[in-house]
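> For what it's worth, our numbering labels the leading residue of the sequence shown as 391, then goes sequentially.
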Amino acid sequence: MIAEAKINDLNEIYKMGEKLHQNYRKTNKLEDLLNTNYFKILIYKENDIIKGFLSFSVTEDIIDIYDIYVKEEYRQSHIASILLDYMISNSKINQKIMLEVEEDNIKAINLYQKFNFNIINTRKKYYHGKDAYIMERVNNSE
Ligand SMILES: CC(C)(COP(=O)(O)OP(=O)(O)OC[C@H]1O[C@@H](n2cnc3c(N)ncnc32)[C@H](O)[C@@H]1OP(=O)(O)O)[C@@H](O)C(=O)NCCC(=O)NCCS
391 MIAEAKINDL NEIYKMGEKL HQNYRKTNKL EDLLNTNYFK ILIYKENDII
441 KGFLSFSVTE DIIDIYDIYV KEEYRQSHIA SILLDYMISN SKINQKIMLE
491 VEEDNIKAIN LYQKFNFNII NTRKKYYHGK DAYIMERVNN SE
């Protein structure tokens with residue numbers, strides 16, 4: 391099931407975040423962010439196990455995806471798709487959804503393209519000297 395993360399879930403989210411970015415715990419003060427009205431973390435939980443999460447910020451016009459992560463042993467069983475689908479279904483018409491992804495992260499790029507995100511620009515030498523794509527999806531009524 392999908393739920394919004396609560397304080398008690400943060401330790402598990404930090405552990406997953408650290409697999410994504412070494413300094414995740416230091417650079418993301420999730421306790422503070424969860425207290426804002428613009429930042430959200432969705433978790434996918436089954437049998438009390440958090441299997442993946444999706445974090446993003448929301449303004450009137452733009453949703454910015456920060457991170458999406460699924461634990462290795464649960465990948466390719468559509469958990470990321472379910473998380474994204476949930477976020478998109480709760481977004482507003484004409485809200486843009488934006489993200490940055492390393493140019494060689496084929497799994498993630500495939501995932502985003504499956505949800506009709508398009509590459510709109512490239513940030514040069516963004517991740518450890520690697521280029522990153524900026525991808526965008528406009529939430530119209532398709
Ligand atoms: C990218 C990631 C979130 C995908 O999670 P997942 O739950 O395995 O994804 P899903 O099962 O929902 O797959 C959805 C689509 O993603 C793409 N995809 C997923 N795994 C893939 C793989 N191993 N190879 C190629 N494409 C893949 C496919 O298009 C897939 O659609 P399909 O099932 O119709 O083929 C997961 O691999 C992950 O956590 N990776 C490490 C973190 C990361 O890179 N996050 C993105 C940072 S921007």
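Backbone N, C-alpha and C fix where the C-beta goes; we use that ideal spot for every residue, glycine too.
1. Quick one, which of Lys520, Ala498, His468 and Val448 has its alpha-carbon nearest Ile486's?
2. Where are the beta strand (DSSP E) runs, 3 residues long or more, that stay fully inside the stretch 489-526, in chain order?
3. Less than 7 angstroms separating the beta-carbons of Thr512 and Tyr502?
4. As a quick exercise: from Ile439, Tyr428, Lys419 and Met477, pick the residue whose alpha carbon is nearest that of Lys461.
5. Rounded to a whole number of angstroms, what is the C-alpha to C-alpha distance between Gly407 and Leu424?
6. Rounded to whole angstroms, how far is the Cβ of Ile403 from the Cβ of Phe429, which I believe are closer than 8 angstroms?
Short version:
1. First, the residue type needs correcting, since residue 486 is Lys and not Ile in the sequence shown. The option with the nearest alpha carbon to Lys486 is Val448.
2. 508-517
3. no
4. Ile439
5. 15 angstroms
6. Rounded, the Cβ-Cβ distance is 12 angstroms, inconsistent with contact.
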